[in-house]
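Peer 1: Quick note, the sequences are listed as chains A and B, same order.
By the count of my numbering, the first sequence reaches residue 535 at its end, each step adding exactly one.
By the count of my numbering, the second sequence reaches residue 1455 at its end, each step adding exactly one.
Where a beta carbon is used, it is the ideal one built from N, C-alpha and C, also for glycine.
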Amino acid sequence: MNLRRRVMPASGAATGAPALEPLLVELARPGRAGRHVRSSEAAEIPDAFKRRAPLRLPELTEPQVVRHYTHLSQLNYAVDTGMYPLGSCTMKYNPKVNDRAAGLFADLHPRQSYRTTQGVLALAYELEQILASVTGMDFVSLQPQAGAQSEFTAMLIFKAYHAKRGEAAQRRRIIVPDSAHGTNPASAAMCGYQVTTVRSDARGNVDLDALRAALGPDVAGFMLTNPNTLGLFEERVREVCEAVHTAGGLVYGDGANMNALLGIARPGDLGFDCVHINVHKTFSTPHGAGGPGAGPLCVKAHLRPFLPKPWIVREPDGTYHYDTARREERERAAASPARATSTSGVEAARPKAEREEEDRGPEGLGDSIGTIKPRLGNFGVLVRAYTYMRTLGEEGMRETSEDAILAANYLLARLRRRYRVAYDRVPMHEFVLTAAPQKKKGASALDLAKALIDEGFHPPSVYFPLIVPEAMMIEPTETEPRETLDAFADALLRIADRLDDDAASLREAPRSAPLRRLDEVTAARRPVLRWKSPS
Amino acid sequence: MLAAIGVASVDELLAAVPADARRPALGIGPGMSELEVQAHLERLAALNTKAGDGPFFIGGSIQRRYIPAAVPALALRGEFLTAYTPYQPEVSQGTLQAVFEYQSLVAELLGMDVVNSSMYDGGSAVAEAAFMAVRLTGRKKVVVATEVDFTYRRTLRTYARGPELEVVEVPTARLAASARDAACLIVQHPDAFGTLVEVPPIADAAHAAGALLVQVTEPHACALLEPPGPLGADIAAGEGQPLGIPMSYGGPHLGIFACREALVRQMPGRIAGQTLDAGGTRGFVNTLQTREQHIRREKATSNICTNEALAAITAAVYLALLGPEGLRACARAGVARAQALAARLAALPGFAVANDGPFFDRFALRSPMGGWALRNALLERGIQVEATASHYYVPAKQGGAGRSGAERTTTYVDGRRAGSDDVIVQCTEMTTEDDADALVDAIADLARSGEAVGA
């Protein structure tokens, strides 16, 4: 196994690749350490509980660690280094002010009293209002930490909704389109639902006849992404929602593609009962090499009782608290009457119905499904999203989506000459090409993707959605100026030319990246999932 | 650009949007400049009392710990921060190697075979551990100790509504006797109150009954205590936030998830693995992906897609910087300061440490005035502690039981410990002598004046 420094000849923008980096254990030497924390204190721990296993963590100096991670970072492609047109992921620029804003809220513990976190609650409350406005929904839960967790939360809510109506036992099925993200069927299955897939029609919409045939009294709901994963706005979205409602089901909106809809259309106006927001997509929070994200769930009023607890309550005097926190305090106050008079004063002003609702259920949860993530979810991510939204304002949001749609349509117009679009309609913020013709000539979608790396670009999503053979899903986002879009289009057109001349060279790509193609089959067959600790 | 597309306006691109729903008014106001938005956020932040603004003893799964300056400087580099899931490994080796190293470091710390590249947080990691045990055993009953962090139990109960699992909560002391027909026993060591728990007998009982042992753990505790692997855990889960990640009012944090090698194909989440490239050079990829939703859809082991990779990288940077001795120093400081503080507080008349046995870096303090009243009285003096009352949704009728400390007995209501009205005091290397003095003085003063007792 050799680690080699190499500078490969590049065919496009890339000029060479940085050196690979040894593992931490390979850099470490016994006895090296920084002086971050020192303690000569003795911790008295009974022998029976003491660690007997050796603790073989690598020992390094701070400069070694700094160089290690700096070198590693240089092996990454990122939005900060270039255009990242990964379809369905909305890899837009992440403004730096958002990160700084999040730092203002870093030294706060989620178990602090609402009295010491009024700024947190004020921000979160306003964020809920903005998200409701943008989606056309009535109420919002900030708890889900990602889109998939929001989907799961919604499935639990669907279940609770049907249970409340005495139909939980009968409604055991969730329908998803064949173009759906994999998380949709996975979330439904995690919630104990059977999953039925319906096909798309020739225009890339949900096949309404197939959907109607699949609907029935056993259906709990339908999960729909709009614009869908083909980048196409569902042309009969209202009829789709109506058909599901007529059958007694609920419609879930997968908001992965909301970047097309800010100020353009609202799921709540189209018939959806709820929708999640991937704030790491639409609202510019950094994707973090795979996460964290946040996935607030926005619902219509009829689903509010089932939302995760606690909820933020705003008092007429402009102060905030949690409904459950006040409930706990009230109980304590009842138990020790001498204290907490200020609490009871506020309490008396609150509507009786609300107090009673809180008191229902063994945990004071009422009809709520419970807690997905304590209090306000990935708050540090939500602060970034809030900062972005306040920066944009209403007009900024609309311009964002318009620019994203414009960028996708412009790229498609430039690429059409040499590439086949999977469904020939006007796309929204992204579009899907099929490399089936290229594959016949000897280069698959994967080969084209790897060739793009040599051109200096991150490849688009490939092989998704599953209904398009050799799919290449391209989402430029509003971030890129026209010259970058042109450079990307030129790169793909050059690759098309190369395919005609020398298809074999595409199958060898990439040649300018830190590594050539990796053997994923062996990685899965004989997994090596950690380094071997030196004993 | 419009001309190149062949349209006269953007509106021509929106024909599929129903006309009456197109371009709705949002009513969210105009935008702000960067300077304005920064000032606005600073005003909001000023309404909070930060942990560092006064003596701070709230902890549990989320802890105020020292974050070396190099941690954010490295982990928040744009090349990590603004990349996404490494779908193209040739241009994502930085992420993949850093995650592989995270898996290796945490496996070593926990004494476990395999670690995934992260779950959302401790709570979802515990819930996913229960789901994994259900898949492996075909049983639908999950038994969890009442001394497991209350937020984890809440999330577990919520998740369990999906596949309709039976969640039984029993005290740790009764866990071993409750293994029959269970998919898993879930124990926390040290528990939510800091108490050290003898895990091996519970693991043995679980295994004898064909159940799995899930141990909830904390990373710093593993530096000094025998870790989950040698104790017999099949799955270890917990919150990784103390490893260099800011508290940020609850997230984004890091769900640690580890298991025995034999179980890896039922593991949820992404896993980085080592392989070779076409030229024979070592490299890293996401592997065992046939467990995952984008391949297996409804048959996947979990729906998780976006995880907390950046938090995993942050934890790895933290562990690399501190090394074994730095990590032990942090852990030792927490334990030593908690022990010293407990001794001082227990010397006050009417006060006692409420743990059932030896504790780690936090302890429960029983007081004559009750935990909730004490917590509120300290809050008014700018000292933040957590009351155990927050850990339980106690039915209102039970709330007043046994108010005098000496007479209070532990009772169990619906599987939860009710009537425990103490405070929990968490110490870390951030806890100073001054903090400790402030807490002792304030409590002594309250006890003298009888203020919090309501007398």
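Quick one: using the 10 Å Cβ neighbour count with 16 as the cut-off for buried, is G985/B buried or exposed?
Peer 2: Residue 985/B lies beyond the stretch modelled for chain B, which goes from 1001 to 1455, so this question has no answer here.
Peer 1: Do you know how far the Cα of Q1063/B is from the Cα of S455/A?
Peer 2: Here residue 455/A is taken as the residue at index 455 of the first sequence, counted from 1. Here residue 1063/B is taken as the residue at index 63 of the second sequence, counted from 1. Residue identity differs from the one stated: residue 455/A is Glu in this sequence, not Ser. When rounded, the distance between both Cα atoms is 46 Å.
Peer 1: Heavy atom of the ligand PLP less than 7 Å from the Cβ of R56/A, yes or no?
Peer 2: With respect to the ligand PLP, the structure offers nothing, as it holds no ligand at all.
Peer 1: Select from the stretch 180-193 of chain A all residues with a C-beta closer than 9 Å to any C-beta belonging to chain B, and list them in chain order.
Peer 2: Flagged, chain order: A180, H181, G182, T183, N184, P185, A186, S187, A188, A189, M190, C191, G192, Y193.
Peer 1: Between P1190/B and F1056/B, is the Cβ-Cβ spacing less than 8 Å?
Peer 2: Stepping through the second sequence from its first residue, residue 1190/B is reached at position 190. Stepping through the second sequence from its first residue, residue 1056/B is reached at position 56. Their beta carbons are not under 8 Å apart, which means P1190/B does not touch F1056/B by this criterion.
Peer 1: Whole angstroms are fine: how far does the CA of Q438/A sit from the CA of L446/A?
Peer 2: Residue 446/A sits at position 446 when you count from the first residue of the first sequence. Residue 438/A sits at position 438 when you count from the first residue of the first sequence. Between L446/A and Q438/A, the C-alpha separation is close to 11 Å.
Peer 1: Any residues in the stretch 62-75 of chain A with a beta carbon nearer than 9 Å to a beta carbon of chain B? Which ones, in chain order?
Peer 2: Hits within the stretch, in order: E62, Q64, V65, V66, H68, Y69, T70, H71, L72, S73, Q74, L75.
Peer 1: Rounding to the nearest angstrom, what Cα-Cα distance links V206/A and A436/A in this structure?
Peer 2: The residue labelled residue 206/A in the question sits at position 206 within the first sequence. The residue labelled residue 436/A in the question sits at position 436 within the first sequence. Straight-line Cα distance between these residues: approximately 23 Å.
Peer 1: Less than 8 Å between the CB atoms is what I'm expecting for H429/A and A180/A, so what's the real figure, rounded?
Peer 2: Position 429 of the first sequence, counted from the first residue, corresponds to residue 429/A. Position 180 of the first sequence, counted from the first residue, corresponds to residue 180/A. Not a contact, Cβ separation roughly 18 Å.
Peer 1: Between L1345/B and chain A, is there a C-beta pair that is closer than 8 Å?
Peer 2: Counting from one through the second sequence, the residue named residue 1345/B turns up at place 345. Taking Cβ atoms only, chain A never reaches closer than 8 Å to L1345/B, which makes this a no.
Peer 1: Quick check on DSSP: helix, strand or coil for F1056/B?
Peer 2: Along the second sequence, read from residue 1 onward, the residue named residue 1056/B stands at position 56. It is a strand residue.
Peer 1: Determine the closest residue to A1070/B out of A1320/B, L1185/B, V1037/B, with distance taken between C-alpha atoms.
Peer 2: The count along the second sequence starts at 1 and reaches residue 1070/B at position 70. For A1070/B, the nearest C-alpha among the options comes from A1320/B.
Peer 1: Is it buried or exposed for I1175/B, if we count other Cβ within 10 angstroms and need 16 for buried?
Peer 2: Walking along the second sequence from the start, residue 1175/B turns up at place 175. The question names Ile, yet the displayed sequence has Leu at residue 1175/B. So L1175/B counts as buried.
Peer 1: Using the Cβ count rule (16 or more neighbours within 10 Å means buried), how would you classify S40/A?
Peer 2: Position 40 of the first sequence, counting from 1, holds the residue named residue 40/A. The residue is exposed, with fewer than 16 neighbouring Cβ atoms inside 10 Å.
Peer 1: Against chain A, does K1050/B count as a neighbour if the rule is that its beta carbon must be under 8 Å from one of theirs?
Peer 2: Start at 1 with the first residue of the second sequence, and residue 1050/B comes out as number 50. By this cut-off, K1050/B is an interface position.
Peer 1: How would you call L1231/B, buried or exposed, if buried means at least 16 neighbouring beta carbons within 10 angstroms?
Peer 2: By 1-based counting over the second sequence, the position of residue 1231/B is 231. Buried, since its Cβ has 16 or more Cβ neighbours within 10 Å.
Peer 1: Does the count of Cβ pairs from the stretch 1134-1146 of chain B and the stretch 1167-1181 of chain B closer than 8 Å reach three?
Peer 2: The answer is yes - the stretch 1167-1181 of chain B touches the stretch 1134-1146 of chain B, with three or more Cβ pairs under 8 Å.
Peer 1: State the Cα-Cα distance for the pair A1025/B and E1012/B, rounded to the nearest angstrom.
Peer 2: In the second sequence, the residue the question calls residue 1025/B occupies position 25. In the second sequence, the residue the question calls residue 1012/B occupies position 12. Taking the straight line from one Cα to the other gives about 19 Å.
Peer 1: Compare the C-alpha of V1199/B against each of V1106/B, P1219/B, A1233/B, E1166/B and name the closest.
Peer 2: Residue numbering aside, residue 1199/B sits at position 199 when the second sequence is read from its first letter. When each option's Cα is compared against that of V1199/B, the closest is A1233/B.
Peer 1: When DSSP builds the beta bridges, which residues end up paired with H321/A?
Peer 2: By one-based count along the first sequence, residue 321/A stands at place 321. Answer is V313/A, bridged to H321/A.
Peer 1: Taking Cβ-Cβ distances shorter than 7 Å, what residues in chain A pair up with L1439/B?
Peer 2: On the second sequence, position 439 is the one that residue 1439/B refers to. The premise fails here: L1439/B is roughly 16 Å from chain A at the closest Cβ pair, so nothing lies under 7 Å.
Peer 1: With a cut-off of 8 Å on the beta carbons, I'd call I474/A and P85/A a contact; round off their distance for me.
Peer 2: Position 474 of the first sequence, counted from the start, is the residue given in the question as residue 474/A. Position 85 of the first sequence, counted from the start, is the residue given in the question as residue 85/A. So it is a contact: roughly 5 Å between Cβ atoms.
Peer 1: Are the stretch 1149-1169 of chain B and the stretch 1119-1133 of chain B touching by the rule of at least three beta carbon pairs closer than 8 Å?
Peer 2: These segments touch.
Peer 1: By a C-beta neighbour count over all protein chains shown, 10 Å radius and 16 as the cutoff for buried, is V1425/B buried or exposed?
Peer 2: Indexing the second sequence from 1 puts residue 1425/B at position 425. Buried, because 16 or more other Cβ atoms sit within 10 Å of the Cβ of V1425/B.
Peer 1: Taking P63/A as the reference, which of D47/A, G82/A, R32/A has the closest Cα?
Peer 2: The residue given as residue 63/A occupies position 63 in the first sequence. Out of D47/A, G82/A, R32/A, R32/A has the C-alpha closest to the C-alpha of P63/A.
Peer 1: Cα-Cα, which of L1044/B, V1353/B, A1221/B is closest to K50/A?
Peer 2: Working through the first sequence from its first residue, we reach residue 50/A at position 50. The residue with the shortest Cα to Cα distance from K50/A is A1221/B.
Peer 1: Please report the distance separating the alpha-carbon of E1386/B from that of S1061/B.
Peer 2: As a working mapping, residue 1386/B is identified with position 386 in the second sequence. As a working mapping, residue 1061/B is identified with position 61 in the second sequence. Each residue's alpha carbon lies about 12 Å from the other.
Peer 1: Helix, strand or coil, according to DSSP, for A378/A in the structure here?
Peer 2: On the first sequence, residue 378/A is found 378 positions in, with the first residue counted as 1. The residue you asked about is not Ala; residue 378/A is Asn in the sequence shown. In this structure, N378/A counts as coil in the three-state DSSP scheme.
Peer 1: What is the DSSP secondary structure of P177/A, counted as helix, strand or coil?
Peer 2: Start at 1 with the first residue of the first sequence, and residue 177/A comes out as number 177. In this structure, P177/A counts as strand in the three-state DSSP scheme.
Peer 1: State the Cα-Cα distance for the pair D1277/B and Q74/A, rounded to the nearest angstrom.
Peer 2: The residue given as residue 1277/B occupies position 277 in the second sequence. The residue given as residue 74/A occupies position 74 in the first sequence. Cα to Cα, D1277/B sits roughly 18 Å from Q74/A.
Peer 1: Any residues in the stretch 1296-1314 of chain B with a beta carbon nearer than 8 Å to a beta carbon of chain A? Which ones, in chain order?
Peer 2: Under the 8 Å Cβ criterion, the stretch 1296-1314 of chain B contributes R1296, R1297, E1298, K1299, A1300, S1302, N1303, I1304, C1305, T1306, N1307, E1308, A1309, L1310, A1311, I1313.
Peer 1: Which residues in the same chain have their Cβ closer than 6 Å to the Cβ of K373/A, if we skip the five residues on either side of it in sequence?
Peer 2: Counted from its first residue, the first sequence places residue 373/A at position 373. Around K373/A: Q143, Q145.
Peer 1: Quick one: is S1104/B near chain E, going by C-beta distance under 8 Å?
Peer 2: Within the model displayed, chain E is absent; protein chains A and B are what it includes.
Peer 1: Decide if the stretch 1308-1325 of chain B is in contact with the stretch 195-209 of chain A; the criterion is three or more beta carbon pairs, one per stretch, under 8 Å apart.
Peer 2: Result no; under three Cβ-Cβ pairs closer than 8 Å.
Peer 1: Run down chain A in chain order and give the residues with a C-beta less than 9 Å from the C-beta of D1191/B.
Peer 2: Residue numbering aside, residue 1191/B sits at position 191 when the second sequence is read from its first letter. Here the premise fails: no neighbours, minimum Cβ distance about 13 Å.
Peer 1: Whose Cβ in chain B lies nearer than 8 Å to the Cβ of I405/A?
Peer 2: Translated into the one-based positions of the first sequence, residue 405/A becomes position 405. Result: V1010, L1013, L1014.
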